[in-house]
Ligand code: MF3
Ligand code: CO
Ligand code: CO
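Residue numbers (the numbering used here): 16 to 263.
Listed below in structure tokens is the structure:
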């Protein structure tokens with residue numbers, strides 16, 4: 016069921032999303048080579064709780080940390096560990112915060128030190144995929160136009176679009192309807208409505224779009240070919256005249 020948000024609910028979402036954005040800015044200022052992914056997670060926990068919010072990934076379906084920290088070939092859901100971040104890595108940090116009953120959700124992929132031109136381009140194109148998708152987005156636009164735009168831009172650049180995971184609605188629940196795929200046919204799907212809040216989150220790979228799910232930890236998703244992947248996400252409010260990107 017898709018939940019259309021009232022003006023009051025949107026106000027609360029703005030607050031949770033502002034905390035998510037500030038936390039990611041804080042991570043961006045502090046993340047560096049030599050840190051473990053667990054230390055990144057500690058930064059996230061500390062910042063979100065200092066805002067009077069809860070890092071709602073913690074305990075979500077048993078997830079053991081406050082963030083997903085995904086290095087290089089890890090696409091998403093990298094469980095914070097003793098893995099040391101190295102110079103030249105690209106590191107996606109995907110977080111959610113809940114305050115007053117509403118969630119915000121966003122992800123950035125950070126460049127650590129001296130990153131190859133190849134990986135830099137992957138990160139740049141992944142961000143561009145998001146902005147292509149929100150360009151012209153407003154109430155009345157067919158849902159799968161989002162995926163169409165992401166896929167078109169990614170594949171034009173020779174990259175893979177992960178199919179196994181998608182964006183989603185968000186609000187009182189971290190994951191609400193509808194599912195928001197990063198691929199699709201132009202002009203298809205339901206028409207977006209004013210007051211919908213959705214997460215648009217391209218997951219783009221340098222090689223195959225196929226991924227593996229780690230059976231040991233139950234979470235970590237890696238590229239099937241071991242090549243790098245990037246992830247970029249924002250929580251977006253659909254309005255009559257356009258969108259409001261709540262986590263920017
Ligand atoms: N933030 C993720 C998303 O974009 C969800 C993380 S799954 C969790 O949908 F288990 F870490 F919470
Ligand atoms: Co997320
Ligand atoms: Co999300």
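Ideal placement from N, C-alpha and C gives every residue a C-beta, glycine not left out.
Counted within 10 angstroms of its Cβ, other Cβ atoms place residue i as buried (16 or more) or exposed
{"i": "residue 231", "result": "exposed"}
{"i": "residue 21", "result": "exposed"}
{"i": "residue 27", "result": "buried"}
{"i": "residue 205", "result": "exposed"}
{"i": "residue 16", "result": "exposed"}
{"i": "residue 287", "result": "The structure shown has nothing for residue 287, since the chain only spans 16 to 263."}
{"i": "residue 38", "result": "buried"}
{"i": "residue 133", "result": "exposed"}
{"i": "residue 121", "result": "buried"}
{"i": "residue 123", "result": "buried"}
{"i": "residue 171", "result": "exposed"}
{"i": "residue 263", "result": "exposed"}
{"i": "residue 45", "result": "exposed"}
Own chain partners of residue i with C-beta closer than 6 angstroms, once the 5 adjacent residues on each side are dropped
{"i": "residue 259", "result": "252"}
{"i": "residue 99", "result": "51"}
{"i": "residue 48", "result": "100, 101, 102, 127 and 128"}
{"i": "residue 115", "result": "27"}
{"i": "residue 147", "result": "164 and 168"}
{"i": "residue 216", "result": "182 and 248"}
{"i": "residue 229", "result": "235"}
{"i": "residue 152", "result": "258"}
{"i": "residue 10", "result": "The requested residue 10 does not occur in the structure, where the chain is confined to residues 16 to 263."}
Cβ neighbours of residue i in the same chain (closer than 7 angstroms, five flanking residues each side left out)
{"i": "residue 29", "result": "261"}
{"i": "residue 154", "result": "207, 208, 209, 253, 254 and 255"}
{"i": "residue 104", "result": "86, 87 and 127"}
{"i": "residue 201", "result": "160 and 163"}
{"i": "residue 93", "result": "52, 83, 84, 85, 86 and 235"}
{"i": "residue 31", "result": "68, 112, 113, 114, 117, 118 and 119"}
{"i": "residue 145", "result": "215, 217, 247 and 249"}
{"i": "residue 130", "result": "103 and 105"}
{"i": "residue 203", "result": "157 and 159"}
{"i": "residue 193", "result": "17, 158, 184 and 205"}
{"i": "residue 79", "result": "94"}
In DSSP terms, what residue i is bridged to
{"i": "residue 60", "result": "The partner list for residue 60 (beta bridge, DSSP) is empty, contrary to what the question assumes."}
{"i": "residue 114", "result": "117"}
{"i": "residue 122", "result": "109 and 248"}
{"i": "residue 195", "result": "182"}
Cβ pair residue i, residue j closer than 7 angstroms
{"i": "residue 82", "j": "residue 63", "result": "no"}
{"i": "residue 179", "j": "residue 140", "result": "no"}
{"i": "residue 195", "j": "residue 119", "result": "no"}
{"i": "residue 224", "j": "residue 176", "result": "yes"}
{"i": "residue 238", "j": "residue 212", "result": "no"}
{"i": "residue 184", "j": "residue 191", "result": "yes"}
{"i": "residue 186", "j": "residue 18", "result": "yes"}
{"i": "residue 156", "j": "residue 108", "result": "no"}
{"i": "residue 40", "j": "residue 95", "result": "no"}
{"i": "residue 245", "j": "residue 91", "result": "no"}
Beta-carbon contacts of residue i that lie in its chain and below 8 angstroms, excluding the five residues immediately before and after
{"i": "residue 71", "result": "111, 112, 113, 118 and 189"}
{"i": "residue 59", "result": "38, 42, 70, 81, 82, 108 and 110"}
{"i": "residue 66", "result": "34, 37, 38, 112 and 114"}
Which runs of the beta strand (DSSP E), 3 residues or longer, sit entirely within the region 134-189? The qualifying runs are 182-184.
Any chance you could list the beta strand (DSSP E) runs of at least 3 consecutive residues sitting entirely within the region 198-261, in chain order? 212-215, 218-220, 226-228, 236-238, 244-246, 249-253 and 258-260
Residue ranges of each alpha helix (DSSP H) within the region 50-110, 4 or longer: Annotation: the region 50-110 contains the following complete segments of the alpha helix (DSSP H) (minimum length 4 residues), in chain order: 52-65.
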